[in-house]
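So the structure is just underneath, and the comments pick up after that.
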Amino acid sequence: MSDPSVKMVKVPHSITMPDDEFLSDEFFSSKSDKDLSAMMHLIIGEQQKRALEGSEPDALLEQGFKDGFKPNGLPHDPWIVDGILICPGAVNDRSATSHDCGFVAFDEHWCWEHPDIVLDDVRYIDGPKRRQRSVSLVPVFEGLEFDLVISRSSAGQHKMRSATAFRVIDGCLEVVRNRAPKKSSGLRH
Numbered sequence: 040m041s042d043p044s045v046k047m048v049k050v051p052h053s054i055t056m057p058d059d060e061f062l063s064d065e066f067f068s069s070k071s072d073k074d075l076s077a078m079m080h081l082i083i084g085e086q087q088k089r090a091l092e093g094s095e096p097d098a099l100l101e102q103g104f105k106d107g108f109k110p111n112g113l114p115h116d117p118w119i120v121d122g123i124l125i126c127p128g129a130v131n132d133r134s135a136t137s138h139d140c141g142f143v144a145f146d147e148h149w150c151w152e153h154p155d156i157v158l159d160d161v162r163y164i165d166g167p168k169r170r171q172r173s174v175s176l177v178p179v180f181e182g183l184e185f186d187l188v189i190s191r192s193s194a195g196q197h198k199m200r201s202a203t204a205f206r207v208i209d210g211c212l213e214v215v216r217n218r219a220p221k222k223s224s225g226l227r228h
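In terms of the working numbering, the sequence shown opens at residue 40 and continues consecutively.
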């Protein structure tokens with residue numbers, strides 16, 4: 040007869056075991072890299088599913104446009120609401136050939152290219168110079184890392200002004216590092 044106080048969990052390959060055993064070092068060290076990867080993908084998928092079920096994407100998008108931008112038009116740092124990362128982004132023309140911009144980047148994607156994107160909207164602000172605002176919504180999972188990159192473009196050349204790296208830890212964003220371009224005294228020979 041089984042103990043009703045012990046919760047059983049199902050893991051890849053139809054293994055069923057108590058929570059305590061599942062969360063032990065012995066359990067994880069006994070698994071192959073392939074099994075660990077499969078479990079990790081299942082956990083990430085469950086976290087993202089819960090974030091989508093518990094959020095109102097349209098309201099989060101509007102909140103992003105309302106609260107996501109500094110007075111100079113560049114984006115504030117992204118933030119998490121109900122398991123969804125709100126990523127404000129902007130392009131502000133300085134002249135016909137230069138602009139300032141800021142966007143969130145994940146490894147190999149800009150936020151609007153992220154494979155798990157929930158919503159993305161771009162809006163233009165009327166005025167003598169082009170001012171573009173965007174908000175992208177991406178479900179988060181523990182350990183997710185990304186950068187907020189602020190750049191200036193002049194004559195077709197983008198130059199990073201700053202980059203702030205973030206990581207999701209215990210459902211919150213933590214700054215991992217800040218980077219600024221190194222100043223050089225001239226050409227290296």
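From the three backbone atoms N, C-alpha and C, an ideal C-beta is built for every residue, glycine too. It should be emphasised that the depicted structure is a prediction, and the values quoted were computed from it without experimental measurement.
An exposed status is given to A98, since fewer than 16 other beta-carbon atoms sit within 10 Å of its beta-carbon. Within the same chain, Cβ atoms closer than 6 Å to the Cβ of C126 are found at P117, V143, C150, S175, the five residues on either side in sequence being excluded. For the stretch 80 to 151, the continuous beta strand (DSSP E) assignments of 3+ residues that do not extend past its boundaries occur at 118 to 120, 123 to 134, 137 to 145, in sequence order.
Between I119 and V157, the beta carbon gap of about 13 Å keeps them out of contact (Cβ cut-off 8 Å). Less than 7 Å divides the Cβ of A129 from the Cβ of R172. In the three-state reduction of the DSSP assignment, A77 falls in the helix class.
With contacts defined as CB atoms closer than 7 Å, V177 and H153 qualify as a contacting pair. The beta-carbon separation of H148 and S192, rounded to 20 Å, does not stay under the 8 Å limit for a contact.
Closest in C-alpha terms to F108, from the list I164, E213, N217, comes I164. Of all alpha-carbon atoms in F67, K198, G195, D186, the one lying nearest the alpha-carbon of V207 is that of D186.
Secondary structure of S68 (DSSP, three-state): helix. Of G182, T136, Q102, E213, the smallest CA-CA separation from Q87 is found for G182.
DSSP places K198 in the uninterrupted beta strand (DSSP E) bounded by 196 to 208.
If the five residues before and after F67 are omitted, its C-beta is found closer than 8 Å to the C-beta atoms of L75, all from its own chain and listed in chain order. One Cα belongs to P167, the other to P110, and the distance between them is close to 17 Å. Beta-bridge partners assigned by DSSP to P154: none are found. If you look at E184, you'll find it in the beta strand (DSSP E) that goes 184 to 193. If you draw a straight line from the Cα of S190 to the Cα of E95, it comes to about 31 Å.
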